[in-house]
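Written out below as structure tokens is the structure these notes cover.
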Amino acid sequence: MARKYTIIVERDEDGWFVSEVVGLPGCHTQAKDMNQLLERTKEAIQAYLESEEELDISEEFVGVQQIEV
């Protein structure tokens with residue numbers, strides 16, 4: 001059964017898209033375009049899940065906010 005994961009996507013200073021998977025510490029990847037990033041992120045999640053023995057994903061993504069200071 002497929003499971004949904006929340007990812008955070010940013011663009012770095014060199015123009016690469018970078019994704020971080022919420023709730024999976026250290027699970028991240030990068031790519032030059034969004035389609036490739038999503039495919040690589042799926043691969044990173046699969047590799048992460050295969051490498052972990054007892055995985056307890058209990059974090060809940062709340063949201064993203066911008067603040068002006």
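Counting along the sequence shown from 1, when you hit position 28 you're at 28 in the numbering used here, and nothing is skipped either side. Virtual Cβ for every residue (Gly too), placed ideally from N, Cα, C.
Item                                                                                                                                                                                         : Value
Please go through the same chain and pick out, in chain order, the residues whose beta-carbon is closer than 6 Å to the beta-carbon of SER31, but skip the five residues on each side of it. : Ser is not the amino acid found at residue 31; the sequence shown has Ala there. The answer, listed in chain order, is PHE17, LEU37, ARG40.
May I ask which residues mark the beginning and end of the alpha helix (DSSP H) holding GLN46?                                                                                               : 34-51
If we ignore side chains and look at the alpha-carbon of each, how far apart do GLN65 and GLU43 end up?                                                                                      : 28 Å
What is the rounded straight-line gap between the Cα of GLY63 and the Cα of ILE8?                                                                                                            : 10 Å
Which of the three DSSP states, helix, strand or coil, is assigned to ARG3?                                                                                                                  : coil
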